[in-house]
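Before any comments, here is the structure.
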Amino acid sequence: MVTQSDLISPVLQGSDTAELSRLYQEGIVAGVIGAATIAIWFLILDTINGQPLYTPTVLGTALFRRGESLASPESLPVSFEMVLMYTWIHGLIFAFLGGLASRLLRLAERNPNLGFGILLLFVVFEFGFLVVATLFEERILRALSWQAILVGNLLAAAAMAGYFWRRHPHLEIRP
Numbered sequence: 000m001v002t003q004s005d006l007i008s009p010v011l012q013g014s015d016t017a018e019l020s021r022l023y024q025e026g027i028v029a030g031v032i033g034a035a036t037i038a039i040w041f042l043i044l045d046t047i048n049g050q051p052l053y054t055p056t057v058l059g060t061a062l063f064r065r066g067e068s069l070a071s072p073e074s075l076p077v078s079f080e081m082v083l084m085y086t087w088i089h090g091l092i093f094a095f096l097g098g099l100a101s102r103l104l105r106l107a108e109r110n111p112n113l114g115f116g117i118l119l120l121f122v123v124f125e126f127g128f129l130v131v132a133t134l135f136e137e138r139i140l141r142a143l144s145w146q147a148i149l150v151g152n153l154l155a156a157a158a159m160a161g162y163f164w165r166r167h168p169h170l171e172i173r174p
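Following numbering that gives the first Met the number 0 from start to finish, the sequence shown increments by one per residue and tops out at 174.
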């Protein structure tokens, strides 16, 4: 015998799956927007300095070659292989962070008191790269300006926040 709950359950599960899919799609889009913002920022800075694609080459070298050749980063030639590998990883990390942000925003929509804590978490993420670079690969900060990194991260956060703001216009955050 089929009960009413048997008929409703698959519909609810499909709805939850669709909602989860929408959240992750939103997060991936936000992450790609953030990653692209930083990439464009550094492309502009590198081009002004006469070395297009220098920043992703340095970061790719630090990540994939464990910093070899970073003893004299000013003489590091642009490597399209490093640029592509680093850009791919950078995009994946931002897609993950965007997915995380999307899930946290969903929680904040349901409980506005969580919003301020989530906002503080993102402030910590803003400075995360600088801290990691300082602890593990200080030569990156000698090769790249920490101010440029900070501005790039703030631009990416603003771009992602703008996207999320448009997607969640009624989000309320209470301290």
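Positions of the beta carbon are idealized from the N, C-alpha and C atoms, including for glycine.
All of these numbers come straight from a predicted model, not from anything done at the bench.
In chain order, Ile139 and Leu140 place their CB closer than 7 Å to the CB of Ala132, counting only its own chain and leaving out the 5 sequence neighbours on each side. Between Leu58 and the set Pro76, Gly114, Val122 and Leu22, the nearest pair of CA atoms involves Pro76.
DSSP places Gln146 in the helix class (H, G or I) of the three-state scheme. A residue is called buried once 16 or more other Cβ atoms fall within 10 Å of its Cβ, and Gly116, having fewer, is exposed. The Cβ-Cβ distance between Ala94 and Gly26 falls below 9 Å. From the listed residues Met159, Arg102 and Ser78, the smallest Cα separation to Glu125 is found for Met159.
Contact between Ala29 and Phe163 holds: their C-beta atoms lie close to 6 Å from each other, under 8 Å. Within 10 angstroms of the beta-carbon of Ser101 lie 16 or more other beta-carbons, which makes it buried.
Ranked by how close their Cα comes to the Cα of Val82, the residues Glu73, Asn110, Asn48 and Phe41 have Phe41 in first place.
Excluding sequence positions up to five before and after Phe63, its CB lies within less than 8 Å of the CB of Met81, Met84 and Tyr85, all in the same chain and listed in chain order. For Ala156, the closest of Ala147, Leu99 and Val122 by C-alpha to C-alpha distance is Val122. Cβ contact annotation for Tyr53 (same chain, cutoff 6 Å, sequence separation greater than five): Asp45, in chain order.
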